[in-house]
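Chemist: For reference, the structure I am asking about is given below.
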Amino acid sequence: MSEMVLIFVGAALVNNVVLSQFYGLCPFLGVSKQIKTAASMGVAIIFVITIASAVCSVIYTYLLTPLDLQFLQTIVFILVIAGLVQFVEMFLKKNSPALFQALGVYLPLITTNCAVLGVALTNVQKEYSFVPSVVNGLGTSVGFTISIVILAGIRERMENNNIIAPLKGMPIVLFAAALMAIAFNGFAGLI
Numbered sequence: 002m003s004e005m006v007l008i009f010v011g012a013a014l015v016n017n018v019v020l021s022q023f024y025g026l027c028p029f030l031g032v033s034k035q036i037k038t039a040a041s042m043g044v045a046i047i048f049v050i051t052i053a054s055a056v057c058s059v060i061y062t063y064l065l066t067p068l069d070l071q072f073l074q075t076i077v078f079i080l081v082i083a084g085l086v087q088f089v090e091m092f093l094k095k096n097s098p099a100l101f102q103a104l105g106v107y108l109p110l111i112t113t114n115c116a117v118l119g120v121a122l123t124n125v126q127k128e129y130s131f132v133p134s135v136v137n138g139l140g141t142s143v144g145f146t147i148s149i150v151i152l153a154g155i156r157e158r159m160e161n162n163n164i165i166a167p168l169k170g171m172p173i174v175l176f177a178a179a180l181m182a183i184a185f186n187g188f189a190g191l192i
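In the numbering used here, the protein residues as written are 2 to 192.
Written out as structure tokens, the structure reads:
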């Protein structure tokens with residue numbers, strides 16, 4: 002049990018996928034304008050990464066490895082992720098059209114989000130079995146959600162501040178993201 006907690010905390014905080022590994026920056030910067038939208042994207046990422054970790058672990062362990070087809074892992078993992086994102090997209094379009102519109106182009110971009118594929122490949126690289134793969138996927142996606150919600154909160158507060166012209170817009174957002182990355186780097190000695 003303590004090993005699972007270490008995997009979860011390590012994935013969420015110490016090796017934060019956005020702030021330490023710099024994966025998934027497109028939705029991190031693009032969807033972090035409002036806390037509500039950022040949290041919704043975080044929930045979608047949690048679903049996709051966690052389920053993708055589970056499905057990719059099963060496929061790799063029980064299909065690719067016995068058939069000696071490990072070289073196909075990247076292609077197979079991308080197909081699994083694309084299918085899951087399509088499911089999330091159809092679900093949101095039917096059940097929450099406003100959220101579907103708010104996420105816009107960033108929802109289909111989850112398919113090409115390197116964080117999602119990165120988790121599946123990390124699970125294989127670290128030779129995680131099924132449960133550690135799912136825990137790592139959940140931890141990584143929770144870390145992504147924490148990061149994007151924090152940045153959205155910072156951006157909402159910065160909207161009402163008087164910022165000098167050269168820093169308005171994306172430059173100040175990049176400064177805030179850099180400071181967040183430095184802060185999260187403080188967790189590096191934790192595990």
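Ideal Cβ placement from N, Cα and C applies to all residues, glycine included.
As the structure is a prediction and not an experimental result, all values here were calculated from the model.
Taking 8 Å as the limit between beta carbons, can you name the residues of its chain near A13, skipping five residues before and five after?
Modeler: Counted from its first residue, the sequence shown places residue 13 at position 12. Once the five neighbours on either side are set aside, the close Cβ partners of A13 are G140, T141, V143, G144, I147.
Chemist: What does the alpha-carbon distance come out to for the pair L64 and Q71?
Modeler: One-based indexing of the sequence shown puts residue 64 at position 63. One-based indexing of the sequence shown puts residue 71 at position 70. If you take the alpha carbons of L64 and Q71, they lie about 9 Å apart.
Chemist: So, do the stretch 114-131 and the stretch 151-160 have three or more beta carbon pairs nearer to each other than 8 Å?
Modeler: Because the criterion of three Cβ pairs below 8 Å is not met, the stretch 114-131 and the stretch 151-160 do not touch.
Chemist: Based on Cα-Cα distance, which residue from N161, I164, P172, I149 lies nearest to V18?
Modeler: Mapped onto the sequence shown, residue 18 falls at position 17. Closest by alpha carbon: I149.
Chemist: Going by C-alpha distance, which of T113, P28, V120 is nearest F9?
Modeler: Your numbering for residue 9 matches position 8 in the sequence shown. Nearest C-alpha to F9: V120.
Chemist: Report the CB separation of F49 from L85 in whole angstroms; it is logged as a contact under 8 Å.
Modeler: As a position in the sequence shown, residue 49 is number 48, starting the count at 1. As a position in the sequence shown, residue 85 is number 84, starting the count at 1. Note that residue 49 is Val in the sequence shown here, rather than Phe. Contact holds; Cβ gap of about 5 Å.
Chemist: Sort S3, N163, M171, S54 by Cα distance to A116 and report the nearest one.
Modeler: On the sequence shown, position 115 is the one that residue 116 refers to. For the residues S3, N163, M171, S54, the minimum Cα distance to A116 belongs to S54.
Chemist: With DSSP as the reference, label K95 as helix, strand or coil.
Modeler: The residue given as residue 95 occupies position 94 in the sequence shown. Reduced to three states, the DSSP call for K95 is helix.
Chemist: Please name the residue in G187, T66, I164 whose C-alpha comes closest to that of S130.
Modeler: Here residue 130 refers to the residue found at position 129 of the sequence shown. Answer by Cα proximity: T66.
Chemist: Specify, as a first and last residue, the run of the alpha helix (DSSP H) that M171 falls within.
Modeler: By one-based count along the sequence shown, residue 171 stands at place 170. First-last of the alpha helix (DSSP H) with M171: 171-186.
Chemist: Say the cut is 8 Å; is the CB of L7 nearer than that to a heavy atom of the ligand SAM?
Modeler: Ligands displayed in this structure: none; no statement on the ligand SAM is therefore possible.
Chemist: For G43, which residues of its own chain have a beta-carbon under 7 Å away from its beta-carbon, when the five flanking residues on both sides are left out?
Modeler: Indexing the sequence shown from 1 puts residue 43 at position 42. For G43, where only same-chain residues beyond five positions count, the Cβ hits under 7 Å are F145, T146, I149, V150.
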